[in-house]
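In terms of my numbering, the sequence shown opens at residue 149 and continues consecutively. C-beta: ideal position from N, C-alpha, C; glycine also.
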Amino acid sequence: MKDRVDTILIPGNHDANIQKLVPDGISLVSSVGMVLENILLTHGHTMPSENFSHVEKIIMGHVHPVFFQEDSVLNGQRVWVSIKTEKKQIFPSVSGELEIIIVPSFNKYFYATQKKFYKKSISPILEKIKKYSSVKIVTLDGTIIGDESIINQVL
Numbered sequence: 149m150k151d152r153v154d155t156i157l158i159p160g161n162h163d164a165n166i167q168k169l170v171p172d173g174i175s176l177v178s179s180v181g182m183v184l185e186n187i188l189l190t191h192g193h194t195m196p197s198e199n200f201s202h203v204e205k206i207i208m209g210h211v212h213p214v215f216f217q218e219d220s221v222l223n224g225q226r227v228w229v230s231i232k233t234e235k236k237q238i239f240p241s242v243s244g245e246l247e248i249i250i251v252p253s254f255n256k257y258f259y260a261t262q263k264k265f266y267k268k269s270i271s272p273i274l275e276k277i278k279k280y281s282s283v284k285i286v287t288l289d290g291t292i293i294g295d296e297s298i299i300n301q302v303l
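The following block contains the structure:
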């Protein structure tokens, strides 16, 4: 892969000493994340500083969203979450809209498929959001299955 594209690893809260495992040709950045154009790519377990307030979008992981609704055939499925909110909620010094995209776990073996086994992760980014402009809950195949009315079933 490294011969075809630049590969950059953003470590998370469970990645201590990962630098010892990163092969040559793979870049490792701080767990704070990195900015690509107007997008902050971050793991999501830390609060971004005001230095990143110019971004229009945050793409993060950490919380591993899963849809839970027992009477649904989609119960236990990994999902993407897109949240649009006021930028001031994350970066108090600026105004405007901010989109936050939460990516699902990409490892099909490391996520809970039943609510009783699910341990909710918290993110300081998400804890700051008190009001949503819009929310989309999207399955791995791209089907939109919900909005802010079901956000508590996935985060």
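Worksheet item: Can you list, in chain order, the residues of its chain whose CB lies under 6 Å from that of S176, leaving out five sequence neighbours each side?
Response: Position 28 of the sequence shown, counted from the start, is the residue given in the question as residue 176. The sequence as given places Leu at residue 176; Ser does not occur at that position. Within the same chain, L176 has close Cβ partners L157, Q167, V170.
Fill in: A164 versus L288, S178, K278, I231, residue with shortest Cα-Cα distance
Position 16 of the sequence shown, counted from the start, is the residue given in the question as residue 164. It is S178.
Fill in: Backbone CA spacing between Y280 and W228 [nearest angstrom]
Locating residue 280 in the sequence shown gives position 132, counting from the first residue. Locating residue 228 in the sequence shown gives position 80, counting from the first residue. One C-alpha to the other measures close to 16 Å.
Worksheet item: Among F254, S230, H210, which one has its Cα closest to the Cα of I293?
Response: Working through the sequence shown from its first residue, we reach residue 293 at position 145. The option with the nearest alpha carbon to I293 is S230.
Worksheet item: Is the CB-CB distance between K284 and D295 below 8 Å?
Response: Numbered from 1 along the sequence shown, position 136 holds the residue referred to as residue 284. Numbered from 1 along the sequence shown, position 147 holds the residue referred to as residue 295. Yes, the Cβ-Cβ distance between K284 and D295 is below 8 Å.
Fill in: For M182: DSSP bridge partner residues
Looking up residue 182 in the sequence shown gives position 34. Looking at the DSSP assignment, M182 forms a beta bridge with L189.
Practice prompt. Could you say which of D289, S297, P196, K205 lies nearest to I273 if we only look at CA atoms?
Written response: For the purposes of this step, residue 273 is taken as the residue at position 125 of the sequence shown. Per the Cα distances, P196.
Worksheet entry | I206 and T194 closer than 8 Å at C-beta | Within the sequence shown, residue 206 is the residue found at index 58, counting from 1. Within the sequence shown, residue 194 is the residue found at index 46, counting from 1. Between I206 and T194, the gap from beta carbon to beta carbon reaches 8 Å or more.
Practice prompt. Report the option in H162, I174, N161 whose CA atom is closest to the CA atom of R152.
Written response: Walking along the sequence shown from the start, residue 152 turns up at place 4. The candidate whose alpha carbon is nearest that of R152 is I174.
Discussion item. In the DSSP assignment, the beta strand (DSSP E) including E204 goes from what residue to what residue?
Written reply: Here the question's residue 204 lines up with position 56 in the sequence shown. Run containing E204: none; DSSP gives neither H nor E here.
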